[in-house]
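Numbered as in the numbering used here, the sequence shown ends at 347 without a single skipped number.
Structure, as structure tokens:
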Amino acid sequence: MNTAENIRPASIPACPVCGGQKASALRTAFDDRYGQPDLFALVRCDQCGHCMTSPRLGESDLGALYGTYYPRKHVNVGDLRREARRAVTRLAPLRRWWTGTDNQGQYSVRPGELMLDIGCGSGLSLLEAQAIGAQVRGIEADPNVRRIADELGLQVHIGSLLDEPFASERFDLVVLNQVIEHVPDPDQTLERLRTRLRPGGRVVLVFPNVRSFWCRLSGVRWINWHVPYHLHHFSRGDFTQMAARCGYRIKAVRTVTPNLWTVLQFRANRLDIPRGSPSPMWAVSTPPADRAGVPVPPPARRLVRRILRRIVLAGLMLPLAVINRSIDALGWGDSLMVEIVPVVKP
Ligand SMILES: [Zn+2]
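What follows is the structure in structure tokens.
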């Protein structure tokens, strides 16, 4: 059995929170989503307690890792446009609050602002910010996004912030939705970002909260350990300390728990995934074009199934939403949402 005693205390690349270089092993960990076979460890910085994945993969390892194991979602440009229009309906903020899907920085953009989304994925966040009235730029490592961005007419740089994309521009808002925990040296990213902000500019980051209620309850099966893709596991305190070290102060902080995450958490708690095997829970869905030959039930039966599924989901989601909104009100939610601004020297 894998226990913390099996791993020797690790020497680590500098801790982004305090700069310390010594850490102690907490326990072993592996990819329980996509089946990457290597064994990793969760370690805690001896100096400040920040939790990290070890060994910490570098930028060059990450390309191969994501290319081989990370799912590439089938993306339909028409669906993205439709979804983005839903973001600006009158009831959209209430729907996002209730479902816990307002854990994304682009919803705080104001009309006329210039926003940069780092790790913009398929570009939905950029379309939503555009619908709100902002100008948008994106950065994304996945080269598959090139085609989608071109079709949507979005300015997306395929690469990283280190390439200095959009060099002549400064931003009112920089957004990192579920990204900073994937970055090998998040302190360097924050320092570099400071130079890309306009006066009065702000950065909104969203990342898993290692002190969350569902993390404490689920232990090793918490879905947001997500080793080895998540390299850093932040608490509110760790992040505040890192931001201060990089020249920022916290302007606002809250937690948001997507109800869907909790449904996935319940499913994950019942599964035992051996190392090296992908989890059926995270299997990539088959694009419609590849489903040829699969028998389709008659329309009446499909309708009945859909209605039943809706009823079951509604029955499950109502109490779940009440629980999650209460947890978030206490600040114990699964994702931390932090707004930081550079400290202006007098
Ligand atoms: Zn540290």
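We treat Cβ as the ideally placed atom computed from N, Cα and C, and that holds for glycine.
- Annotation: N325 to A315 spans about 15 Å, alpha carbon to alpha carbon.
- Pairing E192 with C247 gives a Cβ-Cβ distance under 7 Å.
- Setting aside the 5 residues that flank it on each side, P187 is surrounded in the same chain by P17, I181, H233, M243, each with a C-beta closer than 8 Å to its C-beta; the list follows chain order.
- Relative to the Cα of V137, the nearest Cα in the group I149, S161, T102, D173 belongs to D173.
- When C-alpha distances from M338 are compared across I251, A301, F31, the shortest belongs to I251.
- By the Cβ test, the region 76-86 is not in contact with the region 261-277, since fewer than three Cβ pairs between them sit closer than 8 Å.
- Straight across, the Cα-Cα distance linking D62 with A132 is about 36 Å.
- Look at G238: its beta carbon is at least 6 Å from all of the heavy atoms in ligand 1.
- The beta carbons of G124 and A150 sit about 6 Å from each other, so the pair counts as a contact at 8 Å.
- Here the alpha carbon of G20 sits roughly 57 Å from the alpha carbon of V297.
- Within the same chain, and ignoring the five residues on either side of L58 in sequence, the residues whose Cβ sits closer than 8 Å to its Cβ are L66, P185, P229, L232.
- Distance from the Cα of V204 is smallest, within the candidate group S55, W98, Y35, V344, for V344.
- With the rule of 3 Cβ pairs closer than 8 Å, the region 98-106 does not count as touching the region 141-161.
- Separation of F267 and L317 (C-alpha to C-alpha, rounded to the nearest whole angstrom) is 12 Å.
- Annotation for H51: C16, V18, D239 place their beta carbon closer than 6 Å to its own, counting only its chain and skipping 5 residues before and after.
- For secondary structure counted as the alpha helix (DSSP H) over 4 or more consecutive residues, the region 216-250 holds these complete runs in sequence order: 237-246.
- For R326, the enclosing alpha helix (DSSP H) starts and ends at 300-330.
- In this structure Q107 is in contact with E129, their Cβ atoms being roughly 5 Å apart against a cut-off of 8 Å.
- Relative to ligand 1, the nearest heavy atom lies less than 6 Å away from the CB of V18.
- Note: M338 is bridge-paired with V207, R255 in the DSSP secondary-structure output.
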